Amino acid sequence: EDQVTQSPEALRLQEGESSSLNCSYTVSGLRGLFWYRQDPGKGPEFLFTLYSAGEEKEKERLKATLTKKESFLHITAPKPEDSATYLCAVQAPGSARQLTFGSGTQLTVLP
Amino acid sequence: NAGVTQTPKFRILKIGQSMTLQCTQDMNHNYMYWYRQDPGMGLKLIYYSVGAGITDKGEVPNGYNVSRSTTEDFPLRLELAAPSQTSVYFCASSQTFQYEQYFGPGTRLTVT
Numbered sequence: 001e002d003q004v005t006q007s008p009e010a011l012r013l014q015e016g017e018s019s020s021l022n023c024s025y026t027v028s029g030l031r032g033l034f035w036y037r038q039d040p041g042k043g044p045e046f047l048f049t050l051y052s053a054g055e056e057k058e059k060e061r062l063k064a065t066l067t068k069k070e071s072f073l074h075i076t077a078p079k080p081e082d083s084a085t086y087l088c089a090v091q092a093p094g095s096a097r098q099l100t101f102g103s104g105t106q107l108t109v110l111p
Numbered sequence: 112n113a114g115v116t117q118t119p120k121f122r123i124l125k126i127g128q129s130m131t132l133q134c135t136q137d138m139n140h141n142y143m144y145w146y147r148q149d150p151g152m153g154l155k156l157i158y159y160s161v162g163a164g165i166t167d168k169g170e171v172p173n174g175y176n177v178s179r180s181t182t183e184d185f186p187l188r189l190e191l192a193a194p195s196q197t198s199v200y201f202c203a204s205s206q207t208f209q210y211e212q213y214f215g216p217g218t219r220l221t222v223t
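Chains as they are written, first to last, in the working numbering: chain A, 1 to 111; chain B, 112 to 223.
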């Protein structure tokens, strides 16, 4: 069974204090790993897709990396507007095309 | 483009009542999905569709039904609502299963 574990569950940072969120996964052959951002009361918003170990993608203050067992979402010099819940999801071959989501990391960036 | 739209935003049902959650997308995506999100839990797939007339069960389909008569619409039907169906429901769509999914704003459902 595919499993996704995100840590920490919650993270509080001061504005400008860089950090990383972790997404550990267990799948039988990764087809893709997805990062989403979710603001309170809204649907998840797509950030990145990573397909193979060693791949990296960046968007503004966010950088996602992927190894064979985990993915990191690095946040550099965060701002209060980066506060949100960050969700990780994996897709495996033969998984009926579904994504398996982690429970998310709730990030709060204090001014 | 409006993207993925869902109605209603909020709904309170009594045990045993039925309702339909509406979902529409204007991106001409073939793939559509229904998820539920419970507090502190990841999203769980209820049903998905790979095109008009084709639907299949996800991880947690019991108590729900879907239909897909057009590319744009993918309604979710709850029959005989139960307290365990209290949740936030999200509809999503994607170009293919390999690509990112775009989510609607969600429907918050309470069954009492």
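Ideal Cβ placement from N, Cα and C applies to all residues, glycine included.
Quick caveat: nothing in here was measured; it's all calculated off a predicted structure.
- Taking CB atoms only, A:Gln98 has a neighbour in chain B less than 8 Å away.
- The C-beta of A:Pro40 comes no closer than 8 Å to any C-beta of chain B.
- The beta carbon of B:Thr221 sits closer than 6 Å to the beta carbons of Ile123 and Thr197 from its chain, once the five residues preceding and following it are set aside; these are given in chain order.
- Among the residues facing chain B, A:Ser103 is included, as its CB has a counterpart in that chain under 8 Å away.
- Those residues of the segment 184 to 201 of chain B placed with their C-beta closer than 7 Å to a C-beta in chain A are Phe201, ordered along the chain.
- The segment 116 to 130 of chain B makes no contact with the segment 55 to 75 of chain A: fewer than 3 CB pairs, one atom from each, lie closer than 8 Å.
- Contacts with chain B at 8 Å (Cβ-Cβ) include A:Pro44.
- The C-beta separation of A:Tyr36 from A:Val90 comes to about 12 Å, leaving the pair out of contact by the 8 Å criterion.
- Contact between the segment 137 to 150 of chain B and the segment 166 to 186 of chain B is established, with three or more Cβ pairs separated by less than 8 Å.
- Close CB contacts of B:Thr131 within its chain, under the 6 Å cut and outside five residues either way in sequence, are with Pro186 and Arg188 (chain order).
- If the five residues before and after A:Gly32 are omitted, its C-beta is found closer than 8 Å to the C-beta atoms of Thr49, Leu50, Tyr51, Val90 and Gln91, all from its own chain and listed in chain order.
- The beta carbon of B:Pro216 falls within 8 Å of a beta carbon belonging to chain A, placing the residue at that interface.
- In the three-state reduction of the DSSP assignment, B:Ser195 falls in the helix class, which pools H, G and I.
- Listed as beta-bridge partners of A:Gly32 by DSSP are A:Gln91.
- Around the C-beta of A:Glu60, fewer than 16 other C-beta atoms lie within 10 Å, and the residue is accordingly described as exposed.
- Per DSSP, the unbroken beta strand (DSSP E) holding A:Glu58 starts and ends at Glu56 to Lys59.
- A:Thr65 is the residue among A:Leu47, A:Thr65, A:Lys42 and A:Glu15 whose C-alpha sits nearest the C-alpha of A:Ala53.
- Taking A:Leu11 as the centre and dropping the five residues before and after it, the same chain places the C-beta of Ser19, Leu21, Thr105, Gln106, Leu107 and Thr108 closer than 8 Å to its C-beta, in chain order.
- Scanning chain B for C-beta atoms nearer than 8 Å to the C-beta of A:Thr108 yields nothing, as the closest lies near 16 Å away.
- Close to A:Val4, with beta-carbon spacing below 8 Å, are these residues of chain B in chain order: Gly153.
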